[in-house]
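Residue numbers (this note's numbering), protein chains in the order written: chain A, 1 to 412; chain B, 413 to 824.
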């Protein structure tokens, strides 16, 4: 049986902008865990013919098909009718599902109307998959050794039916499959195309290893993978990649930069403070998005106005006048000022021009100074980031955390 | 020309669980604004043959097809090759795109490698659609009166190319279609089901008016719409809704809360300061996400640790000991303290338990105190927000800004 799986997501709200379709992400990840690969998601409106056609097409390509949504009580819930069309079967009431429906409605003092009773309908010959958190059951239809799963559209219900009924069923069918081995490297400080060039020059990766990239502001994820039986080759490719990328790799898992840096601070038992200008609180927000960050984060000063830089961080008016707020000298004073006033071991400071206004020829939009101070010294980096205001702030935050990381491991 | 549109989203990360595909939601909503209807999204991996097949199928059903993703510099970026396959054309370098590429790279002191130069490739005969926020241009391919748009995968770039190039092109092609008239109300302080109940009791909306809802943390968007010729009925329904919802409506357009509040502060010529505990900088970050916020935002204190609340905001150790950090008294002292120390007209303070740890029976996870101070008085609200750490922080931020809004309009 083929291990590729297709998904058909139904619901006009998924195509009108009303609702974000999260099913492909959820099912893609969960199927990968059991060695199956989601290769297609077709999202359609509540259109009986279109759904039936899509199911027919999927069955030509794969042996396992998921259809989500359209199992509710209203007239636009057409999924089971579509499947009945495909299979030339009837739609019938599942007595056990109807009994559960009455039970559930009774517990909320509601009676089952004729419309509501439609939720106990299933395709003839299907197996009902009880829905522990909602009303409409899922269904499993087996034909010629192939499997079609109908799952309720509300994400909580889909997840419940999937975990309680679908996973056991797939695991039983496919047995313990051999998953591809994977190594993940997250990189900050090199762009995607820089990494590609560097690897090309070094004839990396070896032929038997697959490589994939995923870029976000200030972060590139590099994934190496190989079949299970090539575990040793993968291991040695990973160690080659590790030497090529060096300190630019901030973690070999999927953690965010703030989790990595937070973990280092906790391990060392040291405290951090922040002083932010152009990011306006974003660095603090990212650090505190991690549960338990109070173990190492004291707090910070958002010094958006110059008078706050002076009053709260001890920045000199004279320096502001001579060098400007976006300067190496001010970044230094901000970092040293916040470290001292909050009594921290380490501090991060950022000052820059996020735009769209405020840029000059000498100090263009995207120019940012990032400083990290500790008791020994203050390190300052001048950067010019691309993109709009949002992007510049994201890059700044990521590089600021990365500079602290590099300081903590002694790389700067 | 048919007004149905199909989307083909490409990228293996969209099916592996790594990335959430938001394109269908965005494009569905934006296309509806110009009278077009998204009827299908097919999400595929970076598979040249599968993409080519999907484009062929779409062209059998509709006249406008969007293909997103796979326009970058790496070998798994196969979209333009797929299109070249479908159309039996070559892939060629677009000189203008290459020139822009060199210009953009030069501005960041980087040179265009051979890999990077692939981003200037387009399908022969296509029109390049310049990407103002990224590197890879979009493309428009016209064949037999039908249009295929290739759009970059990163959402920011997709949005820029779509708004700057695709919308004008579609509007020109389809002419000024009669779009439904629409009125938007954004509400904070009432949940979606509260609003629905209130409107039901009041027999709203009248039959000829359509109503739709969209909920996010601390915000419900209510949209009324009607055909163009019912503009008067829509107008009177809008004014009925306005009276029903009162001060809970924070804006009648699509602006975010921080833009609405920022606009009010600027209009009044007053300055704001913030003191944040559980949100860790999120309130400052949201305020400063708006360009020009330095006109009214001075800055703030992120007082994550109690010693920072005392040293920087003048909170009493005694109050912290008697009432705890998450209390009405501490919220008051934080708001008044930051207002005074930063010399602001208005201040916002938040202190709460974002979880997952730190909750008690008396002070559960989700408990938050929000304070707004001005020279006359300090208003404090106690709230209990649902959801996880991220949601609690989002709700808190939204309600904190809303409390300031209500204070500014004299509603509290």
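Ideal Cβ placement from N, Cα and C applies to all residues, glycine included.
Cβ neighbours of residue 96 of chain A within its own chain (closer than 7 Å, five residues either side excluded): 128.
Between residue 45 of chain A and the set A/79, A/23 and A/62, the nearest pair of CA atoms involves A/79. Scanning the segment 139-218 of chain A for uninterrupted alpha helix (DSSP H) segments of 4 residues or longer gives 155-161, 167-174 and 192-201, listed from N- to C-terminal end. At least one C-beta of chain A is nearer than 9 Å to the C-beta of residue 430 of chain B. Per DSSP, residue 48 of chain A lies in no beta strand (DSSP E); the unbroken alpha helix (DSSP H) holding it starts and ends at 48-61.
Within the same chain, 225, 226, 227, 228, 230, 231 and 234 come within 8 Å of residue 181 of chain A by CB-CB distance, once the 5 residues on both sides are set aside. The continuous beta strand (DSSP E) containing residue 371 of chain A extends over residues 367-373. Counting along the chain, residue 66 of chain A sits inside the beta strand (DSSP E) bounded by residues 64-68.
Contact annotation, residue 447 of chain B with residue 16 of chain A: C-beta distance approximately 13 Å; criterion of less than 8 Å not satisfied. Counting every other CB atom within 10 Å of its CB across the protein chains shown gives residue 205 of chain A a total of 16 or more, marking it as buried. As DSSP reads the structure, residue 229 of chain A sits in no beta bridge.
Pairing residue 777 of chain B with residue 288 of chain A, the inter-Cα distance amounts to about 16 Å. 343, 354, 355, 356, 357 and 358: these are the residues of the segment 343-359 of chain A whose beta carbon lies less than 9 Å from some beta carbon of chain B, given in chain order.
The C-beta of residue 651 of chain B has fewer than 16 other C-beta atoms within 10 Å across all chains shown, which makes the residue exposed. DSSP links residue 300 of chain A through a beta bridge to A/274 and B/714.
Going by C-alpha positions, residue 816 of chain B is about 40 Å away from residue 186 of chain A. Per DSSP, reduced to three states, the secondary structure at residue 256 of chain A is coil, with no helix or strand assignment. Bounds of the alpha helix (DSSP H) holding residue 339 of chain A are 328-342. Under the three-state reduction of DSSP output, residue 662 of chain B falls in the strand class. DSSP links residue 388 of chain A through a beta bridge to no other residue. Residues 198, 199, 202 and 204 of the same chain have their beta carbon placed closer than 8 Å to that of residue 244 of chain A, with the five preceding and five following residues left out of the count. In this chain, residue 764 of chain B is not harboured by any alpha helix (DSSP H); it is covered by the beta strand (DSSP E) spanning 758-764. At a beta-carbon threshold of 9 Å, the residues of chain A lying near residue 706 of chain B are 304, 305 and 358, ordered along the chain. With its beta carbon less than 9 Å from one in chain A, residue 433 of chain B belongs to the interface. Of all C-beta pairs linking the segment 658-669 of chain B to the segment 750-762 of chain B, fewer than three are shorter than 8 Å, placing the two stretches out of contact.
Looking at the DSSP output, residue 288 of chain A bridges to nothing. Residue 714 of chain B is not a Cβ neighbour of residue 370 of chain A, given a cutoff of 9 Å. Per DSSP, reduced to three states, the secondary structure at residue 43 of chain A is strand. Taking the Cβ atoms as the reference, residue 280 of chain A lies roughly 17 Å from residue 724 of chain B, outside the contact range of under 8 Å. Rounded to whole angstroms, residue 822 of chain B and residue 358 of chain A show a C-alpha spacing of 34 Å.
Residue pairing by DSSP places residue 821 of chain B opposite no residue, since no beta bridge is assigned to it. A distance of 9 Å or more separates the beta carbons of residue 330 of chain A and residue 342 of chain A.
Close to chain A, meaning a Cβ-Cβ distance shorter than 8 Å, are the following residues of the segment 617-640 of chain B: 624 and 626.
Straight-line measurement puts the Cα of residue 432 of chain B at about 24 Å from the Cα of residue 469 of chain B. In this structure, DSSP gives residue 29 of chain A a helical state, which the three-state scheme calls helix. Taking 7 Å as the cut-off between beta carbons, the residues of the segment 477-498 of chain B near chain A are 485, 486 and 488, in sequence order.
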